[in-house]
Amino acid sequence: MKSGWHRDYEPFELAENMEEDLGLFEAATHAHRMDIEPVRVRAVLAATAAGAGCLDFARAAANRLSAEVLTDAAATTAADILASVARSGAGLVVVPGAVGSEVLSGLVTGDGMHASPAVAVVSRSGHTALDAIVLPLFEDKPAARTGLAWACALAAAAGPRGLVSAVELSTPATRQEARRLAGNTSNPDEVRKATVGRAVSAHLGSLVAALQRHALSKGYAVDVSFRPGWPRREILAALSSLARPATVILGRDGLPATQGHGPAFRLALELVEERAEAVLIV
Amino acid sequence: MPTYLLPPLFAAAEVATAAAVEKPFLPMIVLGVIMTLTYVAIAFDWLHKSLAAMLGAIAAVSAALVMGVFKNEAGHSAYDRAVHDIIGHDVGVIGVIVGTSVLVEVAGRSGLFHFLAVKIVKATQGDAVKLLVAIAGATMLFVTFLSIAPGSMIVASLALVVTHELKLDARPYMMAVGLCANSAALMTFASGICTIMLATAGNLPYSHFFFISTPMAFISGAIAIAWIRWCYRGVLVNATSETDRIAQVNAFDEWALVKDRRLFYRSALILGGTILGFASAQRLGIGTDFVAFCGGTAALLFSGIHPDEAIKKVNWSLILFFVGLFVIIGAVQETGLLDWQARQMLELAGGDPITTMLLIAAFVLALSGVLDNIPVAATLIPLVRSLEAQGLDAVPLWWTLVITANLGGNSTPIGSVSSVIALNGLEKERGVKVGWGEFLKVGGGVTIIQGVVVLAYLWMFATFNLFPGAATTAGGAP
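Top line first, the protein sequences correspond to chains A and B. Counting from 1, position 54 in the first sequence corresponds to residue 55 in my numbering; the numbering is continuous, with no gaps. Counting from 1, position 96 in the second sequence corresponds to residue 295 in my numbering; the numbering is continuous, with no gaps.
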């Protein structure tokens, strides 16, 4: 007699919350312990005619990674940079935002893309952007673990000021899983946001657990949030909600490749064009 | 029957009878019909509950004004008496619900309770029977702090996932969630909306819960666990070897579900502070609605969750429903109908307060199984006030309502929000349907045993004058 209206008596969106709870517990029961590989970088290369903010960023990164700083003002194209990296053995290249798009485009199409070191495109801030990291998480894959390792290394070096804001994002696979959870519906509009969140959380439990444990041991803060929209928009929203300079870290095969381009590079390009503070591709 | 009740009871009853005789009969019938129609419309889903309550309120106030139920008084128009005074009388309940809704939303979503839940499961090492006790215990713990819906939802989700992983039959665990949540609603002032309503209406001190309803929460919870254990003895068996299940359970990683460590520390602090506030509200001379508002505001300030996110989780539909319902009941009360009903109840009980209390207990236990306990409580609140006005000591009656309105929901699958959550979750996630027959055997059995124990418990408290504050109230009754 009252089953229809009963649930409305309590002040909660029951179905949404239950999906969220199920996702959390599935994450806990599916997670497997993983160790975070330490990041080892011998040198940080500040390429092109790096400005003050860019050099500041390179020095801070080198300091946090216990590496030395190298500069090469002559390396202004992707090919030049790769050649410079090959000579110097740098593990991280820092380029200013003004030439970031060109460099990234070059790296997307260049032969050495997969062999290239980590690339940071710095648009505005200097070293303070390294205290807060925005870490998009798509799938539990080696690239995501690499991104996680970099985020942990940089945030840990910032100590109590350090923050990793992990943004859980959906992929075609998790959206498919959400449709299955919603009763194999063919209409994506019928799938609740919370159901997609549940599928995503369940997949990313190991990464989140590793991040939280590392943060607990090193004393920096972590917040994890599921964001249901398009990656570029959601990452920018996460950046803006932090209200402090931050670096976005992208694992380079973080998205399934399409049309022969690395999607992480395309995403990085979009973020650079939107003038994100700093974008680091690892 | 305690002799101290006799003189004021009969004297007041005579006065009330004389006063009631003066009340015209037609408004009682008209407004009684409006209230009944509103309840029927809600119960049969003819209208959205808030809309039905608001329409009912408009009809009740209009009828009362036309029939001259409300009189102009110095400084107050008839309309003021009809609406503003009535809502003002119950605004404390609405304040507590709004404040705690925001706080509980933040605390419930902080991950703290989810983290604890996985820790509790790991402590059982996956043993089927220990897990049943752990799930029941977690339900009681979480509902105590988060109230029925959010608390039972967290544990229901946990039970669904863990039983799936351990290849256990989920039914006993989901039944434990559904039935133990109603016991947990007796734990404290803020453990359920129905409890909040009754405790606010009866001005029941927070600390008195520990003497009266908290012990009953443990007793009724233990009854539920034992009965479920017996009913499902054949399926409470592990499917995997001890070594395998221990390894499997130990691999569960509670850190995988933590979203923000800072948030759960802050939530724990704010929740703890609010509970302390509730406990000391009376001593400080402040209302529990003020404490709830402070807790809600602190949650919005320090949780890191965007205020809009938390505020929109307050069920404003419920608030509108309450406003409508309170206006209807207030208007009906003005007609003298509830006083008349109270007198009928007293007559039925032969004027004996303990018999009256036990009659109300049995009535509410039965009614809460088929009707939601919130409208049941909302209607019985003015009835208890009428009984109090007629000289009956109200304190035992408030506690009777608190205990029976919550436990009565155990008897049917639609009797409480926790059972609805547990059974819907079981069907949706695992495709397992618990039918009425199975539920009546388990939940109905629990309710019968709990009902007998509750009646004996209330009888003992009333007979030996164990209700704190009862003697004072009785002595001071008109």
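Ideal Cβ positions, reconstructed from N, Cα and C, are used throughout, including at glycine.
Point to revise | Amino acids of chain B, ordered along the chain, whose beta-carbon sits closer than 7 Å to that of Val-123 (chain A) | key: To locate residue 123 (chain A), count along the first sequence from 1; it is residue 122. Simply none; closest approach about 28 Å.
Practice item. Spell out whether any CB of chain B is found under 8 Å from the CB atom of Thr-30 (chain A). Key: The count along the first sequence starts at 1 and reaches residue 30 (chain A) at position 29. Answer yes: the Cβ-Cβ gap between Thr-30 (chain A) and chain B drops below 8 Å somewhere.
Exercise for review: Quick one: give me the first and last residue of the beta strand (DSSP E) that Pro-97 (chain A) is part of.
Suggested key: To locate residue 97 (chain A), count along the first sequence from 1; it is residue 96. Where Pro-97 (chain A) is concerned, the enclosing beta strand (DSSP E) stretches over 93–97.
**Study point:** DSSP state of Leu-164 (chain A) mapped onto helix, strand, coil
**Key:** Here residue 164 (chain A) corresponds to residue number 163 of the first sequence, with the count starting at 1. Of the three classes helix, strand and coil, the one that applies to Leu-164 (chain A) here is strand, per DSSP.
Point to revise | Proximal chain B residues relative to Asp-132 (chain A), where beta-carbon distance stays under 9 Å | key: For this step, residue 132 (chain A) is matched to residue 131 along the first sequence. In chain order: nothing, as chain B lies at least about 16 Å away.
Review point. What residue range is occupied by the uninterrupted alpha helix (DSSP H) comprising Leu-250 (chain B)?
Key: Numbered from its first residue, the second sequence carries residue 250 (chain B) at position 51. Counting along the chain, the alpha helix (DSSP H) containing Leu-250 (chain B) begins and ends at 248–265.
**Study point:** First through last residue of the alpha helix (DSSP H) which encompasses Val-619 (chain B)
**Key:** Locating residue 619 (chain B) in the second sequence gives position 420, where the first residue counts as 1. Segment 616–629, the alpha helix (DSSP H) holding Val-619 (chain B).
Check your understanding: Is Ser-419 (chain B) buried or exposed, if buried means 16 or more other CB atoms sit within 10 Å of its CB?
Key -> Numbered from its first residue, the second sequence carries residue 419 (chain B) at position 220. So Ser-419 (chain B) ends up on the buried side.
Point to revise | Residue(s) in a DSSP beta bridge with Pro-137 (chain A) | key: Looking up residue 137 (chain A) in the first sequence gives position 136. BP columns for Pro-137 (chain A) point to A:Val-168.
Check your understanding: Going along chain A in order, which residues have a C-beta closer than 7 Å to the C-beta of Gly-298 (chain B)?
Key -> For this step, residue 298 (chain B) is matched to residue 99 along the second sequence. Ordered by position in chain A, no residue passes the 7 Å Cβ test against Gly-298 (chain B), which lies about 11 Å from the chain.
Practice item. Quick one: list the residues of chain A neighbouring Arg-370 (chain B), beta-carbon separation under 9 Å, in chain order. Key: Position 171 of the second sequence, counting from 1, holds the residue named residue 370 (chain B). Here the premise fails: no neighbours, minimum Cβ distance about 18 Å.
Review point. How many angstroms separate the CA atom of Phe-660 (chain B) from the CA atom of Phe-666 (chain B)?
Key: The residue labelled residue 660 (chain B) in the question sits at position 461 within the second sequence. The residue labelled residue 666 (chain B) in the question sits at position 467 within the second sequence. Roughly 6 Å between the two C-alpha positions.
Review point. Just reading off the alpha helix (DSSP H) that Ser-346 (chain B) is part of, what are its end residues?
Key: As a position in the second sequence, residue 346 (chain B) is number 147, starting the count at 1. Premise fails: Ser-346 (chain B) is in no alpha helix (DSSP H) and is neither H nor E.
Exercise for review: Report the option in B:Val-513, B:Thr-611, B:Ala-548 whose CA atom is closest to the CA atom of Val-301 (chain B).
Suggested key: Locating residue 301 (chain B) in the second sequence gives position 102, counting from the first residue. Looking at the Cα atoms, B:Val-513 is the closest of the given residues.
Exercise for review: Starting from Ala-450 (chain B), find everything on chain A with Cβ-Cβ shorter than 9 Å and list it in chain order.
Suggested key: The residue labelled residue 450 (chain B) in the question sits at position 251 within the second sequence. Correct list: Thr-30, Ala-32, His-33, Arg-34.
Review point. Which class does Ala-79 (chain A) belong to by DSSP, given the choice of helix, strand or coil?
Key: As a first step, residue 79 (chain A) is located in the first sequence; it is residue number 78 there, counting from the start. Correct three-state label for Ala-79 (chain A): helix.
Point to revise | As assigned by DSSP and simplified to three states, the class of Ala-74 (chain A) | key: Position 73 of the first sequence, counted from the start, is the residue given in the question as residue 74 (chain A). Ala-74 (chain A): coil per DSSP, three-state reduction.
Practice item. Verify whether the separation of the beta carbon atoms of Val-135 (chain A) and Ala-239 (chain A) is less than 8 Å. Key: For the purposes of this step, residue 135 (chain A) is identified with residue 134 of the first sequence, where counting begins at 1. For the purposes of this step, residue 239 (chain A) is identified with residue 238 of the first sequence, where counting begins at 1. Going by C-beta atoms, Val-135 (chain A) is nearer than 8 Å to Ala-239 (chain A).
**Study point:** Spatially closest choice to Phe-520 (chain B) from B:Gly-568, B:Ala-548, B:Ile-573, B:Leu-483, by CA coordinates
**Key:** Locating residue 520 (chain B) in the second sequence gives position 321, counting from the first residue. With distances taken between Cα atoms, Phe-520 (chain B) lies closest to B:Ile-573.
Review point. Rounded to a whole number of angstroms, what is the C-alpha to C-alpha distance between Ala-576 (chain B) and Gly-391 (chain B)?
Key: For this step, residue 576 (chain B) is matched to residue 377 along the second sequence. For this step, residue 391 (chain B) is matched to residue 192 along the second sequence. Going by the C-alpha atoms only, they are around 12 Å apart.
Check your understanding: The beta strand (DSSP E) spanning Thr-387 (chain B) covers which residue range?
Key -> Within the second sequence, numbered from 1, the residue matching residue 387 (chain B) stands at position 188. First-last for Thr-387 (chain B): undefined, no H or E at that position.
Review point. Does DSSP classify Ile-422 (chain B) as helix, strand or coil?
Key: As a first step, residue 422 (chain B) is located in the second sequence; it is residue number 223 there, counting from the start. Correct three-state label for Ile-422 (chain B): helix.
Exercise for review: Could you check the C-alpha separation between Ala-400 (chain B) and Thr-235 (chain B) for me, to the nearest Å?
Suggested key: On the second sequence, residue 400 (chain B) is found 201 positions in, with the first residue counted as 1. On the second sequence, residue 235 (chain B) is found 36 positions in, with the first residue counted as 1. So the alpha carbons of these two residues sit roughly 22 Å apart.
Check your understanding: At a Cβ threshold of 8 Å, is Met-352 (chain B) touching chain A?
Key -> By one-based count along the second sequence, residue 352 (chain B) stands at place 153. For Met-352 (chain B), the answer is yes, since a Cβ of chain A falls inside 8 Å of its Cβ.
**Study point:** Cβ neighbour criterion (16 or more within 10 Å) applied to Tyr-464 (chain B)
**Key:** Here residue 464 (chain B) refers to the residue found at position 265 of the second sequence. Flag for Tyr-464 (chain B) reads exposed.
Exercise for review: For my contact list, Val-70 (chain A) and Ala-59 (chain A) are in at a C-beta cut-off of 8 Å; report their separation, rounded to the angstrom.
Suggested key: Within the first sequence, numbered from 1, the residue matching residue 70 (chain A) stands at position 69. Within the first sequence, numbered from 1, the residue matching residue 59 (chain A) stands at position 58. Right, their Cβ atoms sit about 5 Å apart.
Check your understanding: Is any beta-carbon of chain A found at less than 8 Å from that of Val-305 (chain B)?
Key -> Mapped onto the second sequence, residue 305 (chain B) falls at position 106. With 8 Å as the cut-off, Val-305 (chain B) does not count as an interface residue toward chain A.
Practice item. Measure the CB-CB distance between Val-342 (chain B) and Ala-384 (chain B) and report whether it falls below 8 Å. Key: Along the second sequence, one-based indexing puts residue 342 (chain B) at 143. Along the second sequence, one-based indexing puts residue 384 (chain B) at 185. Their beta carbons are under 8 Å apart, which means Val-342 (chain B) touches Ala-384 (chain B) by this criterion.
Exercise for review: Look at the alpha carbon of Met-374 (chain B) and the alpha carbon of Leu-582 (chain B), and state the distance between them as a whole number of angstroms.
Suggested key: Locating residue 374 (chain B) in the second sequence gives position 175, counting from the first residue. Locating residue 582 (chain B) in the second sequence gives position 383, counting from the first residue. Near 33 Å, if we compare the C-alpha coordinates of Leu-582 (chain B) and Met-374 (chain B).
Check your understanding: What's the C-alpha gap between Pro-453 (chain B) and Leu-345 (chain B)?
Key -> Mapped onto the second sequence, residue 453 (chain B) falls at position 254. Mapped onto the second sequence, residue 345 (chain B) falls at position 146. The sequence shown places Glu at residue 453 (chain B), not Pro. Their Cα atoms are separated by approximately 20 Å.
Practice item. Specify the secondary structure class of Ile-613 (chain B) as computed by DSSP and reduced to three states. Key: As a position in the second sequence, residue 613 (chain B) is number 414, starting the count at 1. Coil.
Exercise for review: Return the CA-CA distance between Thr-554 (chain B) and Pro-595 (chain B), expressed in angstroms with no decimal places.
Suggested key: As a first step, residue 554 (chain B) is located in the second sequence; it is residue number 355 there, counting from the start. As a first step, residue 595 (chain B) is located in the second sequence; it is residue number 396 there, counting from the start. Roughly 12 Å separates the two Cα atoms.
Review point. Thinking just about the alpha-carbon of each residue, which of B:Tyr-372, B:Lys-270, B:Ala-497, B:Phe-409 is nearest to the one in Val-434 (chain B)?
Key: The residue given as residue 434 (chain B) occupies position 235 in the second sequence. Among B:Tyr-372, B:Lys-270, B:Ala-497, B:Phe-409, the Cα nearest to that of Val-434 (chain B) belongs to B:Tyr-372.
Check your understanding: Between which two residues does the beta strand (DSSP E) containing Asp-224 (chain A) stretch?
Key -> Residue mapping note: residue 224 (chain A) aligns to position 223 of the first sequence, counting from 1. Start and end: 222–227.
Check your understanding: Does Glu-140 (chain A) come within less than 8 Å of chain B when only Cβ atoms are used?
Key -> For the purposes of this step, residue 140 (chain A) is taken as residue 139 along the first sequence, with counting starting at 1. Judged by the 8 Å Cβ criterion, Glu-140 (chain A) is not in contact with chain B.
**Study point:** Test item: CB-CB of Arg-460 (chain B) and Val-209 (chain A) under 8 Å
**Key:** Position 261 of the second sequence, counted from the start, is the residue given in the question as residue 460 (chain B). Position 208 of the first sequence, counted from the start, is the residue given in the question as residue 209 (chain A). Result no, Cβ atoms of Arg-460 (chain B) and Val-209 (chain A) do not sit closer than 8 Å.
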